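Have a look at the structure below before the remarks.
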Amino acid sequence: ERPFFRRRTTTTSGEKESAAAFVDFDRLCRAPLSAADYAALADRYDVLFLDNVPRLSPERHDEARRFLTFVDVFYDRGNLLGIHAAAPIDDHRDGRRRRRLR
1 ERPFFRRRTT
11 TTSGEKESAA
21 AFVDFDRLCR
31 APLSAADYAA
41 LADRYDVLFL
51 DNVPRLSPER
61 HDEARRFLTF
71 VDVFYDRGNL
81 LGIHAAAPID
91 DHRDGRRRRR
101 LR
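Numbering follows the numbering used here, with no gaps: position 73 of the sequence shown is 73.
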């Protein structure tokens, strides 16, 4: 079994130390994790790269809910998040591109 994080690095920029992690979508969003778990990750890592995000369809409701919770937690804490996804973000929820509201 693969480790939760494939790699992680710690860099020092001036006086602030920051950490980055790379994690696979399945390890982060298929597991029964909560907002508290994601908050603990956000406290530990300033930058997180999420890899292999599949198209999120209604059949993947639980994974989609966890993904949105994870993104909300990282956003609320001001952390950086890089996402490598199978489709543009607008296509993820229902499998088709949504019209943008103006």
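Glycine residues also receive a C-beta, built at the ideal position from the N, C-alpha and C atoms.
The model shown is predicted, which means the values in this text are computed figures rather than measured ones.
Counted within 10 angstroms of its Cβ, other Cβ atoms place residue i as buried (16 or more) or exposed
i: Ala184; result: Residue numbering for the chain in the displayed model covers 1 to 102; residue 184 lies beyond these limits and cannot be assessed.
i: Tyr38; result: buried
Own chain partners of residue i with C-beta closer than 6 Å, once the 5 adjacent residues on each side are dropped
i: Leu80; result: Val47
i: Asp51; result: Asp24, His84
i: Cys29; result: Glu63, Arg66, Phe67
Contacting residues, own chain, Cβ-Cβ under 7 Å from residue i (five flanking each side not counted)
i: Ala35; result: Thr69, Val73
Distance, residue j Cα to residue i Cα
i: Pro32; j: Asp62; result: 9 Å
i: Arg77; j: Leu41; result: 11 Å
i: Arg60; j: Asp26; result: 11 Å
i: Arg65; j: Ser57; result: 11 Å
i: Pro88; j: Pro54; result: 10 Å
Presumed contact (8 Å Cβ cut-off) between residue i and residue j, rounded CB distance
i: Arg44; j: Ala19; result: 7 Å
Per-residue DSSP class, three states only, for residue i
i: Glu15; result: Confidence at Glu15 is low in this model, with a pLDDT of 48, below 50, so its placement is unreliable and the value that follows should be read with caution. Reduced to three states, the DSSP call for Glu15 is coil.
i: Ala86; result: coil
i: Glu59; result: helix
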